[in-house]
Each structure stands twice: as structure tokens, then as C-alpha cells.
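*Asks:*
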Amino acid sequence: MRKPREKPQGKSGPIRTGPNGVDWMVIPFPKEKAEREVLVAGLFVKAFDQWVAGQSEPSLAPFGKPAQNEENDLDFTVDTALGAMRMELAEFAPLKEHGPRFADAPPSLQPPEKAALALELVGMKSDHQGGEGRFLVIYNTEHGFWLDPLTIEGMRRALKETPPRFKRIYYVSIHDLGNGSVSEIYPGAPHHMFGEADLDAMRVLAMPHPTEFRVLRTVSWTGMIMVRGRPCPVNYTVEYRDFGLM
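Quick note: the sequence shown uses my numbering, first residue 25, plus one each step.
(1) Are Gly-212 and Arg-180 close, meaning C-beta to C-beta below 8 Å?
(2) Measuring CA to CA, which of Ile-198, Val-76, Ile-176 and Asp-200 is closest to Phe-218?
(3) Thinking Ile-198 and Leu-67 are a contact (beta carbons under 8 Å), I'd like their distance in whole angstroms, please.
(4) Using the Cβ count rule (16 or more neighbours within 10 Å means buried), how would you classify Asp-172?
(5) For a quick check, are the C-beta atoms of Pro-135 and Gly-178 less than 8 Å apart?
(6) Is it true that the CB of Ile-51 sits closer than 8 Å to the CB of Pro-234?
(7) What are the start and end residues of the beta strand (DSSP E) that includes Leu-84?
(8) Can you tell me the Cα-Cα spacing of Glu-81 and Asp-47, whole angstroms?
(9) Compare the C-alpha of Ala-114 against each of Thr-165, Ala-127 and Lys-89 and name the closest.
(10) Taking 8 Å as the threshold (C-beta atoms), are Phe-116 and Arg-158 in contact?
(11) Measuring CB to CB, does Ile-209 end up less than 8 Å from Leu-183?
(12) What are the start and end residues of the beta strand (DSSP E) that includes Leu-160?
(13) Out of curiosity, what's the CA-to-CA distance linking Glu-236 and Phe-100?
(14) I need the straight-line Cα distance from Gly-168 to Leu-160, nearest angstrom please.
(15) Between the beta-carbon of Tyr-163 and the beta-carbon of Val-196, is there less than 8 Å?
(16) Comparing the C-beta of Asn-93 with each C-beta of chain B, is any distance below 8 Å?
(17) When DSSP labels each residue in this structure, what does Asp-224 get in the three-state scheme?
(18) For Gln-79 and Ala-71, I'd like the C-alpha separation in whole angstroms.
(19) Should Ile-176 be counted as a contact of the ligand HEM given a C-beta to heavy atom distance under 7 Å?
(20) Would you report the Cα separation of His-216 and Gln-74, rounded to the nearest angstrom?
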């Protein structure tokens, strides 16, 4: 019996703050490739029902439960509002340029560079797996490779000029093993803030890496709130942090 194929992964996940400082809740992705892809596909469908940004019409939602296909085929078949479609997953992990291991990945990348690298991934997938009745879902497991709104807007504009062979392209941002959010990259609607912006002229402060968060000082005081018309004493605590912006 062939051993299940393991797939390398990076580190990403939310941070949790408390009296002892900041904890990085690294997502424990399954090591086995097929198991991880089932997780990502399920999170995409769930997240789409809860939150999707930049969606174009007609929507593919609601989605049914993804059915994993045989190896060497497109990853999943899933029922959509437009009928059964094939769904391909692709992890954005430009380790050729920023690696070669996840441990060597940078804490962050500027949106123009990320957009260019992600478009290379889309082009490769489009050439090999694109076609009628197919859509692509991009995800990441490394914090430095997340697709921020500026990156997604840059990709949307580029794909509008040079359309891929996929009907739709999405990005699922995985928050933990049970939750995420979805953005439509192609064809997509212009971003509500950056849709008309000159992206080439913009350079943004990168999202700080979770290992750079630290508590500087904590301030506490006692106050009162009204609960059902009655005053109740409460203790407030505010922690001021250095976010290590790059």
C-alpha cells in the first residue's frame, strides 16, 4: 500500500493576547496532502456562505459538499448554482523566489511583488487545468504569503486584461481549522477602497509577523456599566503593544 503523500507547510494563524503576553495560534494543518486539500475545500464552501468579497454575478453559490476526485484529475467536483463544476486548489507558496524552505520565507512581501508571483501561479494552473466549467481556489499556509486586498485588486486588473481559462478564481484566507473568508479575484468586482487607486504608486506598511508582537505595558481601571437598568462594576484592562510594522 502506497504511503500517503505529505506536503510541506508554512506557519500562519491568529494571535491571542492575555496577561502573559501574545500567543501565536499556529494552524495545525494536516500533513497529508489529500487530507489537507479536503480541509481547504470544506473551509472554502463554509467561508463562502459566511463571507465573500468582490463577488460577481451570477454567483456560483450555494455550493454543495466537494467530492474529491481521483489523483491526476482536477481536485474536486462540487455542485454549484450553475451546475456541477470542477474545483482546482492551488497553494500560493513562491518558495523558488523566497525559499527554498518555508522556514526561509520572509515575514511579509509588498503587494506588487505578491501579485506578480500569484499571477504566475494562476497562469500555470490555467494552462494545465483551466477550461469550461472549472474554477480555481488559491490558499496559503505561510503568513508572509497571504493575499491582502491590494494584491487581490492588482491581480483582478491584470486578469481582466488577460483572462484565464477558469470561469472563476477565488482566494480563501484560512483563519483557523474551522473558519475562513473568501475573496473573488476573477472576474471580481473592484475593491470598494482601492478599485480606482494607482496601485503602482502605493507602498503599504506590511502586516506584522505574529512573532513581532509584544506587550509594552498594561493599564487597568475600574468603572461601571448598566445591565438591565442596574449599575454593575467592571474592571477594564488595556494592553499597549508594539506591532513591529515594517
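A virtual CB, placed ideally from N, CA and C, is assigned to each residue, including glycine.
*Replies:* Here's the rundown:
(1) By one-based count along the sequence shown, residue 212 stands at place 188. By one-based count along the sequence shown, residue 180 stands at place 156. Contact: yes.
(2) Numbered from 1 along the sequence shown, position 194 holds the residue referred to as residue 218. Among Ile-198, Val-76, Ile-176 and Asp-200, the Cα nearest to that of Phe-218 is on Ile-176.
(3) Here residue 198 refers to the residue found at position 174 when the sequence shown is read from its first residue. Here residue 67 refers to the residue found at position 43 when the sequence shown is read from its first residue. Yes, they are in contact, since the Cβ atoms of Ile-198 and Leu-67 sit about 6 Å apart, within 8 Å.
(4) On the sequence shown, residue 172 is found 148 positions in, with the first residue counted as 1. By the neighbour-count rule (16 or more Cβ atoms within 10 Å), Asp-172 is buried.
(5) To locate residue 135, count along the sequence shown from 1; it is residue 111. To locate residue 178, count along the sequence shown from 1; it is residue 154. Against a cut-off of 8 Å, the Cβ pair of Gly-178 and Pro-135 comes out as a contact.
(6) As a first step, residue 234 is located in the sequence shown; it is residue number 210 there, counting from the start. As a first step, residue 51 is located in the sequence shown; it is residue number 27 there, counting from the start. For Pro-234 and Ile-51, no; Cβs fall outside 8 Å.
(7) As a first step, residue 84 is located in the sequence shown; it is residue number 60 there, counting from the start. First-last for Leu-84: undefined, no H or E at that position.
(8) Position 57 of the sequence shown, counted from the first residue, corresponds to residue 81. Position 23 of the sequence shown, counted from the first residue, corresponds to residue 47. Going from the Cα of Glu-81 to the Cα of Asp-47 covers about 40 Å.
(9) As a working mapping, residue 114 is identified with position 90 in the sequence shown. Nearest C-alpha to Ala-114: Thr-165.
(10) As a first step, residue 158 must be located in the sequence shown, where it is residue number 134. As a first step, residue 116 must be located in the sequence shown, where it is residue number 92. Phe-116 sits away from Arg-158, with the two beta carbons spaced by 8 Å or more.
(11) As a working note, residue 209 is residue 185 in the sequence shown. As a working note, residue 183 is residue 159 in the sequence shown. Contact flag set, yes.
(12) Translated into positions along the sequence shown, residue 160 becomes position 136. First-last of the beta strand (DSSP E) with Leu-160: 158-163.
(13) Here residue 236 corresponds to residue number 212 of the sequence shown, with the count starting at 1. Here residue 100 corresponds to residue number 76 of the sequence shown, with the count starting at 1. When rounded, the distance between both Cα atoms is 38 Å.
(14) Numbered from its first residue, the sequence shown carries residue 168 at position 144. Numbered from its first residue, the sequence shown carries residue 160 at position 136. Whole-angstrom Cα-Cα distance: 21 Å.
(15) Residue 163 sits at position 139 when you count from the first residue of the sequence shown. Residue 196 sits at position 172 when you count from the first residue of the sequence shown. In this structure, the beta-carbon distance from Tyr-163 to Val-196 falls below 8 Å.
(16) Of the protein chains in the structure, only one exists, and it is not chain B.
(17) Position 200 of the sequence shown, counted from the start, is the residue given in the question as residue 224. The answer is helix: DSSP assigns Asp-224 an H, G or I state.
(18) If you number the sequence shown from 1, residue 79 lands on position 55. If you number the sequence shown from 1, residue 71 lands on position 47. If you draw a straight line from the Cα of Gln-79 to the Cα of Ala-71, it is about 13 Å long.
(19) Annotation note on the ligand HEM: not contained in the displayed structure, which lists no ligands.
(20) Counting from one through the sequence shown, the residue named residue 216 turns up at place 192. Counting from one through the sequence shown, the residue named residue 74 turns up at place 50. Near 19 Å, if we compare the C-alpha coordinates of Gln-74 and His-216.
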